[in-house]
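Let me begin by presenting the structure, written as structure tokens, before commenting on it.
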Amino acid sequence: MDPGSNLDTLMARYQAGDFAAATALVERIGPQLHRFFLAQFSSRADADDLLQETWLRIHRVRHTYRPGEPVLPWFYAIARRVRIDHYRRASRTTARERSLEELPNVAAPFPRGDGEVDDLEALLAPLSESQREVIRMMKVAGMSLEEVARATSCSVGSVKQKVHRAYKSLREKMSVMGLKKGPSGGLP
Amino acid sequence: MKDEEVDEVLEKASRVAHEVEPALLERVAHSIHASLRPVRPLPPTWVLTGGLVLICAAVALAGAARTGFHGIAKLGLLERVLIFSTLGILAWVAGKEFVGELIPGSRHRVRPGVLLIIVSVALLGVFALLFRNYRTEHFISAGIACLLTGLLLAIPAAFLSWWLLRRGFAVNSVSAGLVGGALAGLCGVTMLELHCVNFEALHVLVWHTAVVPVSAAAGALLGWALRSRRKLA
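Chains as they are written, first to last, in the numbering used here: chain C, 1 to 188; chain S, 1001 to 1233.
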């Protein structure tokens, strides 16, 4: 497999039934999606299950990707759906079902210290979930504003607003903490 | 602290590699291997949107052919052009959004709720502009008859639209149901404009326009029920 193969070419080959392309996509997109799930649920077992469930769903609806369209928003839109379904199932078992279309708009507890949270998640902890999601997609997956808007079924304006608010919170937080940029850009 | 500095810190933090067990990725790849066969991608959005608009037009015409083209016969040229061109544009916009709801990662220009408001306000605006007879006779009974006729016609339109997009995947079934219901409701309104001879302003404004939100609400409810069933499964 040519490592330079771009994602839409791989996707087209996957749709044509090419196993090598499917494997290459799993290897390239899998870790990103795993990190996406791990950031929300913090349990590696949950993230593993969700990754497998997402790929089964991706496989079942792979014909809905149209060549020429951006690939990452397509993957993330499906992953997001799986994550919301899982969240709903989980919240039903613990407490009365919360009415949501979006994930809770509250800040996560600051660094969880279970060894599963990386520097980025520690930095993003003071933000609301919708802001964290947007920043993760842009920084980890390298998606543009337009692609994030597609993945989250929002308008570009709405994504811009979330990014603006997230940066404002981060600026304030980092200034208060006197954060210095270390070698890994992590927390002091 | 400046945005560029925040950006730099985030960039550095996000560059940390995320390790996933190779065995997990291997398991995922093997799980899809058994059923891996070529699939045909969905057609472009404009083809599917065109199909939806044609379905709505055909269903509305079939409905009016059955009940009679009395309404359009009594409308003047300007009224015909304004009403049916507005309905056509709204059906195209709603159809395009409906296609987007059934294809993951599609571009959404408006949220489903906003689309419903735009469609309803546009219809109210055109009807308010054209119909100036403010008398009301049999407001409730005649109105409910029209509302039910429009909604009954929305059912086959919704079913055929779903059939056309049956290979799609709704990321959010409630939103998809709402937009699909609004499109089917527009089909019902089109049929009413072809058939209904009651040109009282309040009748048209209230009962004809109401077909769209009621149909959209029914679609959203259906989407919610489907999602609940999927969750239980």
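Built from N, CA and C at the ideal position, the CB exists for glycine as well.
Can you give the beta carbon distance from A151/C to A77/C, rounded, assuming they're within the 8 Å contact cut?
Along the first sequence, read from residue 1 onward, the residue named residue 151/C stands at position 151. Along the first sequence, read from residue 1 onward, the residue named residue 77/C stands at position 77. Right, the Cβ-Cβ distance comes to about 5 Å (below 8 Å), so this counts as a contact.
Please report the distance separating the alpha-carbon of T54/C from that of M174/C.
Locating residue 54/C in the first sequence gives position 54, counting from the first residue. Locating residue 174/C in the first sequence gives position 174, counting from the first residue. Those two C-alpha atoms are separated by around 35 Å.
Taking the CB atoms as reference points, tell me whether M11/C and L33/C lie closer together than 9 Å.
By one-based count along the first sequence, residue 11/C stands at place 11. By one-based count along the first sequence, residue 33/C stands at place 33. No, they are not a contact pair.
Answer with yes or no whether the minimum CB distance from K160/C to chain S is below 9 Å.
Start at 1 with the first residue of the first sequence, and residue 160/C comes out as number 160. K160/C has a beta carbon lying at 9 Å or more from every beta carbon in chain S.
Is there at least one Cβ from chain S nearer than 9 Å to P126/C's Cβ?
Along the first sequence, read from residue 1 onward, the residue named residue 126/C stands at position 126. Chain S contact via Cβ: absent.
Under three-state DSSP, which class holds P111/C?
If you number the first sequence from 1, residue 111/C lands on position 111. Only weak support exists for where P111/C lies, its pLDDT of 43 falling under 50; the value from the coordinates is given anyway. Coil.
Along the segment 1201 to 1226 of chain S, what residues have a CB closer than 8 Å to any CB found in chain C?
none
Mapping DSSP to helix, strand and coil, what is L1152/S?
Here residue 1152/S is taken as the residue at index 152 of the second sequence, counted from 1. Look at L1152/S here: in three-state DSSP terms it is helix.
Could you give the DSSP three-state label for E1137/S: helix, strand or coil?
Taking the second sequence and counting its residues from 1, the one referred to as residue 1137/S is at position 137. Three-state result, E1137/S: coil.
Specify the secondary structure class of E1200/S as computed by DSSP and reduced to three states.
Locating residue 1200/S in the second sequence gives position 200, counting from the first residue. In the structure shown, E1200/S sits in a strand (DSSP, three-state: E or B).
So, at 7 Å on beta carbons, what are the nonlocal neighbours of R83/C in its own chain, with the 5 sequence-adjacent residues on each side left out?
Numbered from its first residue, the first sequence carries residue 83/C at position 83. Only F37, Q40, L50 meet the Cβ criterion.
What separation, rounded to the nearest whole angstrom, lies between the Cα atoms of A90/C and P67/C?
Here residue 90/C refers to the residue found at position 90 when the first sequence is read from its first residue. Here residue 67/C refers to the residue found at position 67 when the first sequence is read from its first residue. When rounded, the distance between both Cα atoms is 35 Å.
Coil, strand or helix - V117/C by DSSP:
Along the first sequence, read from residue 1 onward, the residue named residue 117/C stands at position 117. Confidence is the limiting factor: at V117/C the pLDDT is only 43, short of 50, which leaves the residue's position unreliable, though a coordinate-based value still follows. In this structure, V117/C counts as coil in the three-state DSSP scheme.
Look at the Cβ atom of G1185/S, then the Cβ atom of V1211/S, and state whether they are nearer than 9 Å.
Taking the first residue of the second sequence as position 1, residue 1185/S is located at position 185. Taking the first residue of the second sequence as position 1, residue 1211/S is located at position 211. Yes, the Cβ-Cβ distance between G1185/S and V1211/S is below 9 Å.
Once you ignore the five residues that flank R35/C on each side, which residues in its own chain have a CB closer than 7 Å to its CB?
Residue mapping note: residue 35/C aligns to position 35 of the first sequence, counting from 1. Excluding residues within five positions, the ones whose Cβ falls inside 7 Å are V140.
Against chain S: residues of the segment 41 to 54 of chain C by CB proximity under 7 Å
D48, L51, Q52
Determine the extent of the alpha helix (DSSP H) in which C1056/S is found, giving its start and end residues.
As a first step, residue 1056/S is located in the second sequence; it is residue number 56 there, counting from the start. 1045 to 1067 is the span of the alpha helix (DSSP H), which, as asked, contains C1056/S.
Checking contacts by CB at 9 Å: is G1180/S closer than that to chain C?
By one-based count along the second sequence, residue 1180/S stands at place 180. Not one chain C Cβ lies under 9 Å of G1180/S.
What did DSSP end up calling E1019/S once you bin it into helix, strand or coil?
Start at 1 with the first residue of the second sequence, and residue 1019/S comes out as number 19. Three-state DSSP puts E1019/S in coil, outside helix and strand.
9 Å Cβ cutoff met for I1103/S and T1067/S
Translated into the one-based positions of the second sequence, residue 1103/S becomes position 103. Translated into the one-based positions of the second sequence, residue 1067/S becomes position 67. Their beta carbons are not under 9 Å apart, which means I1103/S does not touch T1067/S by this criterion.
So what does DSSP say about P1104/S, is it helix, strand or coil?
Locating residue 1104/S in the second sequence gives position 104, where the first residue counts as 1. If DSSP states are grouped into helix, strand and coil, P1104/S belongs with coil.
So, is S1228/S buried or exposed, given that buried needs 16 or more other C-beta atoms within 10 angstroms?
As a position in the second sequence, residue 1228/S is number 228, starting the count at 1. Exposed, by the Cβ-count rule.
For the candidate residues A1170/S, L1226/S, V1126/S, R1166/S, whose alpha-carbon lies nearest to that of V1204/S?
On the second sequence, residue 1204/S is found 204 positions in, with the first residue counted as 1. Closest by alpha carbon: V1126/S.
Determine the DSSP secondary structure at Y65/C, reduced to helix, strand or coil.
As a first step, residue 65/C is located in the first sequence; it is residue number 65 there, counting from the start. DSSP places Y65/C in coil when its eight states are reduced to three.
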